[in-house]
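The structure under discussion appears below in the form of structure tokens.
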Amino acid sequence: IWPLMLDSLKNVLNELSFETWVKPSKPISLENDQLLIEVPTPYHIHYWNKHIAGKFVEISFRLFDQEIIPKCVVPEELEEQAVAPKKAAPPAPKPDPNNSVLNPKYTFDTFVIGKGNQMAHAAALVVAEEPGSIYNPLFFYGGVGLGKTHLMHAIGHQLLQNNPLAKIKYVSSENFTNDFISSIQNNKMDEFRKEYRSVDLLLVDDIQFLENKVETQNEFFYTFEELYKNNKQIVLTSDRLPSEIPTLPERLVSRFAWGLSVDITPPDLETRIAILRKKAEAERLEIPDDTLSYIAGQIDSNIRELEGALVRVQAFATMNNADITTSLAAESLKALKSNGGAAQLSILQIQEEVAKYYHISLKDLKGKKRVKSIVVPRQIAMYLSRELTDNSLPKIGADFGGKDHTTVIHAHEKIQQLLEKDATIQNEVSEIKNLLFN
Ligand code: ADP
Ligand code: MG
């Protein structure tokens, strides 16, 4: 909401007012129709109330069909509210449930286009701009770690940017199955259907794992039919063509053929170098070109492994307190090659390593104790599970003693913040990474 509001406010205020009064303001939370905004001084509150609030409400109504009323506060008031035991603490800015399941890193911006994914990328862009109208369903297929999930999320992000109120649902086919089964068990089928059939964009990942049970497949079929009928966009991925998935019933195979299927093939060397370069830039790593080429030459199929190699080289450099060079890269990747490629880390491996590192039990790590000596390791383990494995948020939550995916998001953010300012945590996390990769 905020960026869109800013854009419109920019148009109705002169530049100076905008820079002075709006720019330093920060949205805190949205509750019902009230948007809490933090401003630096009481003058801002005054100015907002007198000159901006009215426009704000008008714009919000025009943009979102809803009057959003700004309520400005200065930071001190916010803190008071937070510590005052009686007054309810202001709710933490709630991540949009849509956004929270989309990986913020998987956008079009971070996606490198190359020969193997050019078609898929173009189709994804079209679908993001014109959902439900041309390629429906859109089906990506190809090997592991080639960017199917990334592109799928990118469509979601783009659609949300164009239309912040769009309802988007991302699930793996396993999540779909689990959701379905627990809805039956809890007598919540109405909610399940409402949830899945009211979306503007449904993203179902790894459809090859759709359970081979009649009920699940029926439910999926009807969900598909309903969305398709209403011109809602569906995007699916799999490791192979629909017709090659033995467990997929014929009627689903034929439905999927109504849309567009595009394959993604492994990146060529040039693309791999470009991906590494982008990744290195994002992480602010200084890596000479010949070293990037060297790493890209070592790992030639899977982009996830390519990223893993970079992490490994980085960890190795930190550990040895050395710059990243080709010979350092060669050394750190030696072990990798001898055991035939980076094995995918599991959540359990991460949990075990973190528990060992902090001398706490695995049970505590996954448990509910709220003492700091356990909470921080737990958050680090969640953070690493999110960063270093391919598991979904709900899956990570589940593996930590059945916690909610929002807990994982919170932990991830928390550690990310700590990593920016706390040298001890930085050090500990990179040591744990080293242990994991060696
Ligand atoms: P898949 O779903 O096909 O198994 P993912 O979408 O999970 O693969 O991609 C694996 C990793 O590689 C992700 O971290 C993703 O961001 C990265 N990746 C894949 N393709 C690209 C690309 N073209 N540009 C940048 N990063 C990519
Ligand atoms: Mg995937």
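Per the working numbering, the very first residue in the sequence shown carries number 637; after that it's consecutive.
Beta carbons are placed, not taken as given, at the ideal position from N, Cα and C, and that holds for glycine.
Between residue 637 and residue 981, what straight-line distance do the alpha-carbon atoms span, to the nearest angstrom? Numbered from its first residue, the sequence shown carries residue 637 at position 1. Numbered from its first residue, the sequence shown carries residue 981 at position 345. Answer to the nearest angstrom: the Cα atoms are 37 angstroms apart.
Limits of the unbroken alpha helix (DSSP H) element including residue 1066: Position 430 of the sequence shown, counting from 1, holds the residue named residue 1066. Residue 1066 -> alpha helix (DSSP H) spans 1059-1073.
Do you know how far the Cα of residue 834 is from the Cα of residue 696? The residue given as residue 696 occupies position 60 in the sequence shown. The residue given as residue 834 occupies position 198 in the sequence shown. Cα atoms of residue 696 and residue 834: separation of roughly 23 angstroms, rounded to the nearest angstrom.
Going along the chain, which residues put their C-beta within less than 7 angstroms of some heavy atom in the ligand MG? Those satisfying the condition are, in chain order, 784, 785, 841, 842, 873, 1026.
Is it a yes or a no for the segment 951-969 touching the segment 921-938, going by three-plus beta-carbon pairs under 8 angstroms? In short, these stretches touch, since the Cβ pair count reaches three.
Please determine whether the Cβ atom of residue 944 lies at a distance below 6 angstroms from any heavy atom of the ligand ADP. Position 308 of the sequence shown, counted from the first residue, corresponds to residue 944. The closest heavy atom of the ligand ADP lies 6 angstroms or more from the beta carbon of residue 944.
Can you tell me whether residue 911 sits near the ligand ADP, meaning its C-beta is under 6 angstroms from at least one heavy atom of the ligand? Indexing the sequence shown from 1 puts residue 911 at position 275. Yes, since a heavy atom of the ligand ADP falls inside the 6 angstroms radius drawn around the Cβ of residue 911.
Distance cut-off 6 angstroms: residue 792 Cβ against heavy atoms of the ligand ADP: Walking along the sequence shown from the start, residue 792 turns up at place 156. Residue 792 has its CB no nearer than 6 angstroms to any heavy atom of the ligand ADP.
Cβ-Cβ separation, residue 986 to residue 1021 (assumed contact under 8 angstroms), whole Å: In the sequence shown, residue 1021 corresponds to position 385, counting from 1. In the sequence shown, residue 986 corresponds to position 350, counting from 1. Residue 1021 to residue 986, Cβ: 5 angstroms. Contact.
Alpha-carbon to alpha-carbon, residue 644 and residue 652: The residue given as residue 652 occupies position 16 in the sequence shown. The residue given as residue 644 occupies position 8 in the sequence shown. C-alpha separation (whole angstroms): 15 angstroms.
By the 10 Å Cβ neighbour count, where 16 or more other Cβ atoms means buried, how is residue 723 classified, buried or exposed? To locate residue 723, count along the sequence shown from 1; it is residue 87. In this predicted model, residue 723 has a pLDDT of only 43, less than 50, meaning its place in the structure is not dependable; the value taken from the coordinates is given anyway. With fewer than 16 other beta carbons inside 10 angstroms of its own, residue 723 counts as exposed.
What is the DSSP secondary structure of residue 902, reduced to helix, strand or coil? Translated into the one-based positions of the sequence shown, residue 902 becomes position 266. Reduced to three states, the DSSP call for residue 902 is coil.
Residue 665: first and last residue of the uninterrupted beta strand (DSSP E) it sits in: For the purposes of this step, residue 665 is taken as residue 29 along the sequence shown, with counting starting at 1. Its beta strand (DSSP E) spans residues 662-667.
Inter-residue Cα distance where the pair is residue 737 and residue 843: Taking the first residue of the sequence shown as position 1, residue 737 is located at position 101. Taking the first residue of the sequence shown as position 1, residue 843 is located at position 207. The C-alpha of residue 843 is placed about 18 angstroms away from the C-alpha of residue 737.
Is the closest heavy atom of the ligand ADP to the C-beta of residue 940 under 6 angstroms? What you label residue 940 is simply residue 304 of the sequence shown in a count that begins at 1. Yes - the ligand ADP has a heavy atom lying nearer than 6 angstroms to the Cβ of residue 940.
Along the chain, where does the alpha helix (DSSP H) containing residue 681 start, and where does it finish? Position 45 of the sequence shown holds residue 681. For residue 681, the enclosing alpha helix (DSSP H) begins and ends at 678-683.
Going by DSSP, what residue range makes up the alpha helix (DSSP H) through residue 943? On the sequence shown, residue 943 is found 307 positions in, with the first residue counted as 1. 939-955 is the extent of the alpha helix (DSSP H) around residue 943.
Would you mind listing the beta strand (DSSP E) stretches within the segment 751-836 that are 3+ residues and don't spill past its ends, in chain order? If only uninterrupted beta strand (DSSP E) runs of at least 3 residues are considered, those enclosed by the segment 751-836 are 774-778, 804-808.
In its own chain, which residues sit with a C-beta less than 6 angstroms from the C-beta of residue 735, not counting the 5 before and 5 after it? Position 99 of the sequence shown holds residue 735. Any reading at residue 735 must be qualified, since the residue scores a pLDDT of 43, below 50, and its modelled position is unreliable; the value itself is stated next. Non-local beta-carbon contacts of residue 735 in its own chain, meaning distances under 6 angstroms to residues more than five positions away in sequence, are absent.
Quick check: does the Cβ of residue 1003 come within less than 6 angstroms of any heavy atom belonging to the ligand ADP? To locate residue 1003, count along the sequence shown from 1; it is residue 367. The answer is no for residue 1003.
Which one or two residues does DSSP pair with residue 841 in a beta bridge? Counted from its first residue, the sequence shown places residue 841 at position 205. The partner list for residue 841 (beta bridge, DSSP) reads 808.
I want to check one thing, is the minimum distance from the CB of residue 845 to the heavy atoms of the ligand ADP below 6 angstroms? Taking the sequence shown and counting its residues from 1, one reaches residue 845 at position 209. For residue 845, the Cβ stays outside the 6 angstroms cut-off from all heavy atoms of the ligand ADP.
Identify the continuous beta strand (DSSP E) that holds residue 674 and give its terminal residues. For the purposes of this step, residue 674 is identified with residue 38 of the sequence shown, where counting begins at 1. Where residue 674 is concerned, the enclosing beta strand (DSSP E) stretches over 670-674.
Return the Cβ separation of residue 838 and residue 784 in integer angstroms, given the expectation that the two are a contact with Cβ distance under 8 angstroms. Position 202 of the sequence shown holds residue 838. Position 148 of the sequence shown holds residue 784. Residue 784 and residue 838 do not touch by the CB rule: their CB atoms are close to 15 angstroms apart, not below 8 angstroms.
Indicate, with yes or no, if the ligand ADP has a heavy atom lying under 6 angstroms from the CB of residue 781. As a working note, residue 781 is residue 145 in the sequence shown. It does: the Cβ of residue 781 is within 6 angstroms (strictly closer) of some heavy atom of the ligand ADP.
At what residues does the alpha helix (DSSP H) containing residue 646 begin and finish? For the purposes of this step, residue 646 is taken as residue 10 along the sequence shown, with counting starting at 1. Looking at the DSSP string, the run of the alpha helix (DSSP H) that includes residue 646 is 638-648.
Sorted by chain position, which residues of the same chain lie with C-beta nearer than 6 angstroms to residue 885's C-beta, five sequence neighbours on each side aside? For this step, residue 885 is matched to residue 249 along the sequence shown. For residue 885, where only same-chain residues beyond five positions count, the Cβ hits under 6 angstroms are 853.
Span of the alpha helix (DSSP H), counted from its first residue to its last, around residue 888: Start at 1 with the first residue of the sequence shown, and residue 888 comes out as number 252. Per DSSP, residue 888 is one residue of the alpha helix (DSSP H) stretching across 886-892.
State the beta-bridge partners of residue 872 as determined by DSSP. The residue given as residue 872 occupies position 236 in the sequence shown. Residue 872 pairs with 775, 840.
Where residue 850 sits in the DSSP three-state scheme: Within the sequence shown, the letter at position 214 stands for residue 850. Here residue 850 sits in helix by DSSP.
Can you tell me whether residue 686 is helix, strand or coil according to DSSP? By one-based count along the sequence shown, residue 686 stands at place 50. Shown here, residue 686 sits in a helix according to DSSP, grouped into three states.
On the premise that residue 758 lies in contact with residue 771, defined as a C-beta separation below 8 angstroms, what is that separation, rounded to the nearest angstrom? Counting from 1 along the sequence shown, the entry for residue 771 is found at position 135. Counting from 1 along the sequence shown, the entry for residue 758 is found at position 122. About 10 angstroms separates the two Cβ atoms, so there is no contact after all.
Just checking, does the segment 871-882 make contact with the segment 780-800 on the three C-beta pairs under 8 angstroms criterion? Look at the beta carbons and you see the segment 871-882 touching the segment 780-800: at least three pairs across the two are nearer than 8 angstroms.
Do residue 1001 and residue 991 come within 7 angstroms of each other at the CB atom, strictly closer than that value? Numbered from 1 along the sequence shown, position 355 holds the residue referred to as residue 991. Numbered from 1 along the sequence shown, position 365 holds the residue referred to as residue 1001. In this structure, the beta-carbon distance from residue 991 to residue 1001 falls below 7 angstroms.
Buried/exposed call for residue 729, threshold 16 Cβ in 10 Å: In the sequence shown, residue 729 corresponds to position 93, counting from 1. Interpretation of residue 729 is limited by its pLDDT of 43, a score under 50 that renders its predicted location unreliable; no figure is taken from the coordinates.
For the beta strand (DSSP E) that contains residue 709, what are its first and last residues? Working through the sequence shown from its first residue, we reach residue 709 at position 73. For residue 709, the enclosing beta strand (DSSP E) has its first and last residue at 705-709.
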